[in-house]
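Chemist:
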Amino acid sequence: MEFRFRIPTGETEELTDPAPILARIREDGSAFWNIGSGDAGIETGSPYAPLTLELYFDGEAHFQLRYTTPDGDSVTARDPRHGKASATIKVGGTPMKLAPGTLQPREAAAEIVRHFCATGEKHPDYAWE
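The numbering of the sequence shown is UniProt numbering, which starts it at 1 and goes up by one.
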């Protein structure tokens with residue numbers, strides 16, 4: 001499956017294999033994830049109305065992941081077993097308080113990204129609210 005990786009700096013990479021994204025999820029910190037706009041995205045489909053999985057890094061070791069449809073409906077991965085109780089992330093330098101269970105550890109984020117890159121769908125093992 002072909003997809004585009006929108007890097008926080010604003011650059012975009014065309015990819016068919018999620019391995020470079022998965023490596024960054026597992027290894028990189030704020031120097032990569034919290035620069036520029038502070039968000040990253042994986043898009044598939046039309047560049048004008050894509051399916052998107054957005055990734056927001058908390059500055060430590062967790063990600064918030066949001067799935068957005070071409071019509072703009074957005075839901076966030078939630079898993080109270082893994083997710084931190086509460087946290088704040090910065091998007092474009094602005095602090096944003098998050099709901100409990102919406103920050104996933106690196107391996108859970110990698111699993112969600114791997115599934116999205118293979119199918120274009122939300123991972124079925126997570127609640128999406």
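The C-beta atom is built at its ideal place from N, Cα and C for all residues, glycine as well.
None of the values given here were measured: they were computed from a predicted structure.
(1) Would you kindly report the start and end of the unbroken alpha helix (DSSP H) that includes Pro20?
(2) Might you give, ordered along the chain, the residues of its own chain that have their beta carbon closer than 6 angstroms to the beta carbon of Pro95, omitting 5 neighbours on each side?
(3) Indicate the three-state DSSP secondary structure (helix, strand or coil) for Ile35 in the structure shown.
(4) Could you tell me if Gly10 is buried or exposed, where buried requires 16 or more neighbouring beta carbons within 10 angstroms of its beta carbon?
(5) Which residue or residues does DSSP assign as beta-bridge partners of Gly41?
(6) For Glu54, which residues from the same chain have a beta carbon less than 6 angstroms from its beta carbon, with the 5 sequence-adjacent residues on both sides left out?
Modeler: With the structure as the only source:
(1) The count along the sequence shown starts at 1 and reaches residue 20 at position 20. Pro20 -> alpha helix (DSSP H) spans Ala19 to Glu27.
(2) Residue mapping note: residue 95 aligns to position 95 of the sequence shown, counting from 1. Cβ contact annotation for Pro95 (same chain, cutoff 6 angstroms, sequence separation greater than five): Thr88, in chain order.
(3) As a position in the sequence shown, residue 35 is number 35, starting the count at 1. Correct three-state label for Ile35: coil.
(4) Taking the first residue of the sequence shown as position 1, residue 10 is located at position 10. Looking at its Cβ environment, which holds fewer than 16 other Cβ atoms inside 10 Å, Gly10 is exposed.
(5) As a working mapping, residue 41 is identified with position 41 in the sequence shown. According to DSSP, which records beta bridges pairwise, Gly41 is partnered with Arg6 and Glu54.
(6) The residue you call residue 54 lines up with position 54 of the sequence shown. Asp39, Gly41 and Arg66, listed in sequence order.
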